[in-house]
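What the sequence shown shows, in numbering that gives the first Met the number 0, is residues 0 to 139, in sequence order. By construction, the Cβ of each residue, glycine as well, lies at the ideal position given by its N, Cα and C atoms.
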Amino acid sequence: MGGSADLAPSNLTIWKGSTSLKEDPAGNYIHYGVREFGMTAIANGIAHHGGFVPYTATFLMFVEYARNAARMAALMKARQIMVYTHDSIGLGEDGPTHQAVEQLASLRLTPNFSTWRPAIRLRRQSVGSWPLNVSTGRRR
């Protein structure tokens, strides 16, 4: 269960099996709107309630809006997956307000926060297996 902060087409978090909670109370996809802090805080609650490993997604630059909730997730050791895309100053179509510079370094410094930035094929394969590791608690 999870969702995106109004950026699903850009961060590819909707798939064929997605069912919006707006349309079906038993759905698995939450449309958060432009609410990065609320999105991350809600995922904290879902993670601590149990039964799901929630995921959230937005652009890396917008972690600034979610920082307090993301830090609390790390400190509480909440089992959730936070997807931050568009992590480069090379993505310039939206201008400098959308270009992450210091965010990745600050996330790497956060205690209990595992930060993955796939850059080569081997890393992409490792990240692809990460949800399985999170949900089963087993390492490969």
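Per-residue DSSP class, three states only, for residue i
| i | result |
| --- | --- |
| Ile-80 | strand |
| Ser-134 | Confidence is the limiting factor: at Ser-134 the pLDDT is only 46, short of 50, which leaves the residue's position unreliable and the question unanswerable from this model. |
| Arg-139 | Below a pLDDT of 50, predicted positions are generally treated as unreliable, and Arg-139, at 44, falls in that range; the measurement from the model is reported next regardless. Arg-139 falls in the coil class under three-state DSSP. |
Residue i versus residue j - alpha carbon distance
| i | j | result |
| --- | --- | --- |
| Asp-51 | Ala-72 | Looking at the sequence provided, one finds Phe at residue 51 rather than Asp. If you take the alpha carbons of Phe-51 and Ala-72, they lie about 15 Å apart. |
| Ala-99 | Ser-9 | 16 Å |
| Thr-109 | Arg-70 | 7 Å |
| Ser-105 | His-47 | 24 Å |
| Asn-27 | Thr-39 | 16 Å |
| Lys-114 | Asp-23 | Checking the sequence shown, residue 114 turns out to be Thr, not Lys. If I take the Cα positions, the gap works out to 33 Å. |
| Leu-59 | Arg-66 | 11 Å |
| Gly-49 | Ala-77 | 10 Å |
| His-97 | Ser-17 | 27 Å |
| Trp-14 | Met-0 | 12 Å |
| His-30 | Ala-68 | 18 Å |
| Tyr-64 | Ile-41 | 14 Å |
| Pro-117 | Thr-12 | 17 Å |
| Asn-111 | Ile-80 | 13 Å |
Classification of residue i by the beta-carbon crowding that lies within 10 angstroms, buried from 16 upward
| i | result |
| --- | --- |
| Asn-43 | buried |
| His-85 | buried |
| Ser-3 | buried |
| Pro-53 | buried |
| Glu-92 | exposed |
| Val-33 | exposed |
| Ile-88 | exposed |
| Leu-6 | buried |
| Glu-101 | exposed |
| Met-75 | exposed |
| Ala-56 | buried |
Identified DSSP bridge partners for residue i
| i | result |
| --- | --- |
| Gly-89 | Note: Gly-89 sits in no beta bridge, so no partner. |
Alpha helix (DSSP H) runs wholly inside the stretch 6-66, at least 4 long, in chain order: 7-10, 35-48
Contained beta strand (DSSP E) runs [length at least 3] in the stretch 91-119, N- to C-terminal order: none
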